[in-house]
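**Student:** From first to last, the protein sequence lines are chains A and B.
Position one of the first sequence corresponds to residue 11 (the numbering used here), numbered consecutively onward.
Position one of the second sequence corresponds to residue 11 (the numbering used here), numbered consecutively onward.
A virtual CB, placed ideally from N, CA and C, is assigned to each residue, including glycine.
There are 2 protein chains.
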Amino acid sequence: MSEPILDIVAIGNAIVDVISQEDDAFIASHALTKGGMQLVDTEQAELLYSAMSSGLEISGGSAANTLAGMAALGCSCAFIGQVRDDQLGDIFAHDIRALGISFETAVATDGPPTARCLIMVTPDAQRTMNTFLGASQFLPPSALDLDMIRSARILYLEGYLWDPEQPRAAMRSAIAAAREAGREVAFTLSDAFVIARHGDDFRALIEEGQIDILFSNESEITALAGTNDVEKAIATFAPRLRTLVVTRSEKGAIAIRDGERHTVTAAPVEKVLDTTGAGDLFTAGFLAGYVRGKAPTQCLEMGALCAAEVISHYGARPEKDLKGLLGGLLD
Amino acid sequence: MSEPILDIVAIGNAIVDVISQEDDAFIASHALTKGGMQLVDTEQAELLYSAMSSGLEISGGSAANTLAGMAALGCSCAFIGQVRDDQLGDIFAHDIRALGISFETAVATDGPPTARCLIMVTPDAQRTMNTFLGASQFLPPSALDLDMIRSARILYLEGYLWDPEQPRAAMRSAIAAAREAGREVAFTLSDAFVIARHGDDFRALIEEGQIDILFSNESEITALAGTNDVEKAIATFAPRLRTLVVTRSEKGAIAIRDGERHTVTAAPVEKVLDTTGAGDLFTAGFLAGYVRGKAPTQCLEMGALCAAEVISHYGARPEKDLKGLLGGLLD
């Protein structure tokens, strides 16, 4: 097993977010679930977009957001995801490369356009996401650079992308390559809907020891365990994972590592404006500590600080200097 | 002369802004003029974009920004501008319609893509703009709805768009239609470069009495008059215009109407973040007062408040509730 060259390689949705401010009546009248994510087809996407207010566009995608945070913290990162040869694809590729993240997945020249996520932010700072997966769902296993995956300390996978068939197959290949090379696999459960559809897969992956680090929030881990009790859910999965991380919104987060529990409170935020990206950036801070060999408590603290930064402004990628924000924690 | 149906119809660039934060070294190393606007071709646009940091996209365009402000203040508005049938064109069209502005210009199905403006914002809040005019420069005279132009109280024209041949011809037709119908024509000088190229045209339009309301800043009006003395420049043009407005950044603004001078100080801003759109939103506030028949001093105050709002955040379109901000001034 050679020394890793990259800190992390992630496979995720290559998405541009379209963010608008809407009121609760908008969420209700379009029968959306506040705080949740749903997949939409072309027709639904057009209908929703035509009803949305004037917005702003920022590159997004859960795993890509996590890498944006890690790159800002000095980690060496590569991203794998599918865009098309269109304007949103150009924007996504530009933005991720401008952050110093390697992104070499071949651009699709046919098929659906680059993915977009229509995000309504309500006055309570909650985000409601409607994802048109577009090109993202057609990431083929052949797009993977397995040598690159073998060269990275961590392979990070986005649960959202487990839903479409081709990326799922690609992620299975990636897991096999990473494990053969003795690397660690990190996975985020992403959302309740993927657990509803693919819970059996996820439980099997954990059971087989394919996942080293699992990221979830309280509702995801309980859904996966089929219980309402967070402690029961933790007790079910923690023994099978090197590290289990459970985020708890304003209550902070928990990490269980080798049977030992560590906790952190949420970092203070003057005004929460848009919770989009909170989980993604928590993961960024946590993993940036992890690849530096920090203790779980420090990883949790770094995650909490990164999450606090991203919810203080619109958009799911950091705006402020994260290195400066974390200060001594990075030494 | 029938009663106007619309408050304003504007002809301008249909542009999506791409905004990034850069330092002074970036501006210097790319030989850009801080605070200015330059036109770039495809190659220059690609070069600059590849060097820019990760950004965010917001619909822009000078006259379109002005309408965004006026619509937020309850004015009835229509916009004429050329986009292509691409993703940025969809975004521009969506955003302007979502603001309640009528936008019916036929979308181009060939030719260059929708215009974009690469905007670098430096830590001093100055913006440096690099405009790829794309489809915008091919707005044909045939795209004009002359009946609509005749039905609007004010025809507003963006000086930037005087540079390309087809829109210039379109604007000349629009001026003729508006004047025949007894409407007023408002014009913004936009930038020094258009004055350098088209000063003769602008002076002739003023001389012939084709323009009723002229918007400029100090450097534009002096450039147009061929003097360094703002007062001399004002004395040159004011007698030929119903209203001459000269904005003076942090020193406020002046309006000369029927020989009488009115002034306003700049409205206070807690922290100036991005000056993009300051002039556009000043014009929005001023004209929103004007179409309501407000006195020049009130129009100036409304302009100053709208400008102050837009420079307190990124992007050239208002975020806050402008009606609430202006309060009693609107009654």
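1) Report yes or no: is there a C-beta of chain B within less than 9 angstroms of the C-beta of Gln-97 of chain A?
2) With distance defined between alpha-carbon atoms, name the residue in A:Glu-168, A:Gln-176, A:Leu-215 nearest to Ser-152 of chain A.
3) List, in order along the chain, the chain A residues whose C-beta lies closer than 7 angstroms to that of Asp-51 of chain B?
4) Mind checking Gly-185 of chain A: buried by the 16 CB within 10 Å criterion, or exposed?
5) Put Gln-176 of chain B into one of helix, strand or coil per three-state DSSP.
6) Excluding the 5 residues flanking Gly-45 of chain B on each side, which residues of the same chain have their C-beta closer than 6 angstroms to its C-beta?
7) Leu-109 of chain B touches chain A at which residues, Cβ-Cβ below 7 angstroms?
8) Could you compute how far the alpha carbon of Gly-84 of chain B sits from the alpha carbon of Phe-36 of chain B?
9) Going by DSSP, which residues form a beta bridge with His-272 of chain B?
10) With C-beta atoms as the reference, is Leu-224 of chain A less than 9 angstroms away from Leu-254 of chain A?
11) Determine contact between the segment 56-66 of chain A and the segment 202-209 of chain A, defined as no fewer than three beta-carbon pairs at a distance below 8 angstroms.
12) For the beta strand (DSSP E) containing Phe-148 of chain A, name the first residue and the last one.
13) Quick check on Glu-67 of chain A - is its C-beta less than 9 angstroms from some C-beta in chain B?
14) In this structure, how does DSSP classify Glu-32 of chain B when only helix, strand and coil are distinguished?
15) Run through chain A and tell me which residues come within less than 8 angstroms of Asp-155 of chain B, C-beta to C-beta.
16) Quick check on Asn-227 of chain B: buried or exposed, where buried means 16 or more other Cβ atoms within 10 Å of its Cβ?
17) With H, G and I counted as helix, E and B as strand and the rest as coil, what does DSSP make of Leu-98 of chain A?
18) How big is the Cα-Cα spacing for Val-93 of chain A and Pro-14 of chain B?
19) Please decide whether Arg-327 of chain A counts as near chain B, where near means a Cβ-Cβ distance under 9 angstroms.
20) Nearest chain A C-beta to Asp-105 of chain B closer than 9 angstroms, yes or no?
21) Is Met-62 of chain B helix, strand or coil by DSSP?
22) What residues from chain B crowd round Ile-90 of chain A, counting only those whose CB sits closer than 7 angstroms?
23) Show which residues of chain A have a CB atom less than 7 angstroms away from the CB atom of Tyr-300 of chain B.
24) Output yes if chain A places a C-beta closer than 9 angstroms to the C-beta of Pro-123 of chain B; else output no.
25) List the residues of chain A that Ile-101 of chain B touches, going by C-beta distances under 7 angstroms, in chain order.
26) Do the segment 121-130 of chain A and the segment 22-42 of chain A touch if we need at least three Cβ pairs shorter than 8 angstroms?
27) The alpha helix (DSSP H) spanning Asp-290 of chain A covers which residue range?
28) Please check if any C-beta of chain A sits within less than 9 angstroms of the C-beta of Val-282 of chain B.
29) What is the DSSP secondary structure of Cys-316 of chain A, counted as helix, strand or coil?
30) What are the boundary residues of the alpha helix (DSSP H) that includes Val-282 of chain B?
31) Would the segment 308-323 of chain A and the segment 257-277 of chain A be scored as touching if the rule is three or more Cβ pairs under 8 angstroms?
32) Tell me, please, which residues DSSP counts as bridged to Arg-213 of chain B.
33) Helix, strand or coil: which one does DSSP assign to Gln-308 of chain B?
34) For Leu-251 of chain A, which residues from the same chain have a beta carbon less than 6 angstroms from its beta carbon, with the 5 sequence-adjacent residues on both sides left out?
35) Closest Cβ-Cβ distance between Ala-206 of chain A and chain B: below 9 angstroms?
36) So for Ser-86 of chain A, helix, strand or coil by DSSP?
**Tutor:** This is what the structure gives:
1) Counted from its first residue, the first sequence places residue 97 of chain A at position 87. Yes - at least one Cβ of chain B is within 9 angstroms of the one on Gln-97 of chain A.
2) Position 142 of the first sequence, counted from the start, is the residue given in the question as residue 152 of chain A. Of the listed residues, the one whose Cα sits closest to Ser-152 of chain A is A:Gln-176.
3) Sequence index remark: in the second sequence, residue 51 of chain B carries index 41 (1-based). In chain order: nothing, as chain A lies at least about 17 angstroms away.
4) Position 175 of the first sequence holds residue 185 of chain A. Correcting the residue type first, residue 185 of chain A is Ile in the shown sequence and not Gly. Around the beta carbon of Ile-185 of chain A, a 10 Å sphere encloses 16 or more other beta carbons of the protein chains shown; the residue is thus reported as buried.
5) By one-based count along the second sequence, residue 176 of chain B stands at place 166. The three-state secondary structure of Gln-176 of chain B, taken from DSSP, is helix.
6) Stepping through the second sequence from its first residue, residue 45 of chain B is reached at position 35. Excluding its 5 nearest sequence neighbours in each direction, Gly-45 of chain B has C-beta neighbours in its own chain below 6 angstroms: Gln-136, listed in chain order.
7) In the second sequence, residue 109 of chain B corresponds to position 99, counting from 1. Close to Leu-109 of chain B, with beta-carbon spacing below 7 angstroms, are these residues of chain A in chain order: Ser-64.
8) Taking the second sequence and counting its residues from 1, the one referred to as residue 84 of chain B is at position 74. Taking the second sequence and counting its residues from 1, the one referred to as residue 36 of chain B is at position 26. Using only the alpha carbons, I get a separation of about 40 angstroms.
9) The residue you call residue 272 of chain B lines up with position 262 of the second sequence. Beta-bridge pairing by DSSP links His-272 of chain B to B:Ala-265.
10) For this step, residue 224 of chain A is matched to residue 214 along the first sequence. For this step, residue 254 of chain A is matched to residue 244 along the first sequence. Contact: yes.
11) Verdict: no, contact absent.
12) Residue numbering aside, residue 148 of chain A sits at position 138 when the first sequence is read from its first letter. Going by DSSP, Phe-148 of chain A is part of no beta strand (DSSP E) at all; its letter is neither H nor E.
13) By 1-based counting over the first sequence, the position of residue 67 of chain A is 57. Yes, Glu-67 of chain A lies at the interface with chain B (some Cβ there is under 9 angstroms from its Cβ).
14) Position 22 of the second sequence, counted from the first residue, corresponds to residue 32 of chain B. Judged by DSSP in its simplified three-state form, Glu-32 of chain B adopts coil rather than helix or strand.
15) Translated into the one-based positions of the second sequence, residue 155 of chain B becomes position 145. The premise fails here: Asp-155 of chain B is roughly 22 angstroms from chain A at the closest Cβ pair, so nothing lies under 8 angstroms.
16) Here residue 227 of chain B is taken as the residue at index 217 of the second sequence, counted from 1. Buried is the call here.
17) Here residue 98 of chain A is taken as the residue at index 88 of the first sequence, counted from 1. Helix, per DSSP.
18) The residue given as residue 93 of chain A occupies position 83 in the first sequence. The residue given as residue 14 of chain B occupies position 4 in the second sequence. Roughly 48 angstroms between the two C-alpha positions.
19) For the purposes of this step, residue 327 of chain A is identified with residue 317 of the first sequence, where counting begins at 1. Yes, its Cβ sits closer than 9 angstroms to a Cβ of chain B.
20) Start at 1 with the first residue of the second sequence, and residue 105 of chain B comes out as number 95. Yes, its Cβ sits closer than 9 angstroms to a Cβ of chain A.
21) As a first step, residue 62 of chain B is located in the second sequence; it is residue number 52 there, counting from the start. In this structure, Met-62 of chain B counts as coil in the three-state DSSP scheme.
22) Position 80 of the first sequence, counted from the first residue, corresponds to residue 90 of chain A. The contacting residues do not exist; Ile-90 of chain A stays about 18 angstroms from chain B at best.
23) Numbered from its first residue, the second sequence carries residue 300 of chain B at position 290. Residues of chain A with a Cβ closer than 7 angstroms to the Cβ of Tyr-300 of chain B do not exist; the shortest Cβ-Cβ separation is about 24 angstroms.
24) Your numbering for residue 123 of chain B matches position 113 in the second sequence. Yes, Pro-123 of chain B counts as interfacial toward chain A.
25) Mapped onto the second sequence, residue 101 of chain B falls at position 91. Per Cβ cutoff of 7 angstroms: Glu-67.
26) A contact exists between the segment 121-130 of chain A and the segment 22-42 of chain A.
27) On the first sequence, residue 290 of chain A is found 280 positions in, with the first residue counted as 1. Annotation for Asp-290 of chain A: the continuous alpha helix (DSSP H) segment containing it runs 288-301.
28) Along the second sequence, one-based indexing puts residue 282 of chain B at 272. So, not an interface residue.
29) Locating residue 316 of chain A in the first sequence gives position 306, where the first residue counts as 1. Here Cys-316 of chain A carries a helix assignment [DSSP, helix/strand/coil].
30) As a position in the second sequence, residue 282 of chain B is number 272, starting the count at 1. Annotation: Val-282 of chain B is outside any alpha helix (DSSP H) and is labelled neither H nor E by DSSP.
31) Cβ pair count under 8 angstroms is three or more, so yes.
32) Residue mapping note: residue 213 of chain B aligns to position 203 of the second sequence, counting from 1. Arg-213 of chain B is not bridged to any residue.
33) Indexing the second sequence from 1 puts residue 308 of chain B at position 298. DSSP places Gln-308 of chain B in helix when its eight states are reduced to three.
34) What you label residue 251 of chain A is simply residue 241 of the first sequence in a count that begins at 1. The residues are Leu-224.
35) As a working note, residue 206 of chain A is residue 196 in the first sequence. With 9 angstroms as the cut-off, Ala-206 of chain A does not count as an interface residue toward chain B.
36) By one-based count along the first sequence, residue 86 of chain A stands at place 76. Residue state for Ser-86 of chain A is assigned as coil, using DSSP reduced to three classes.
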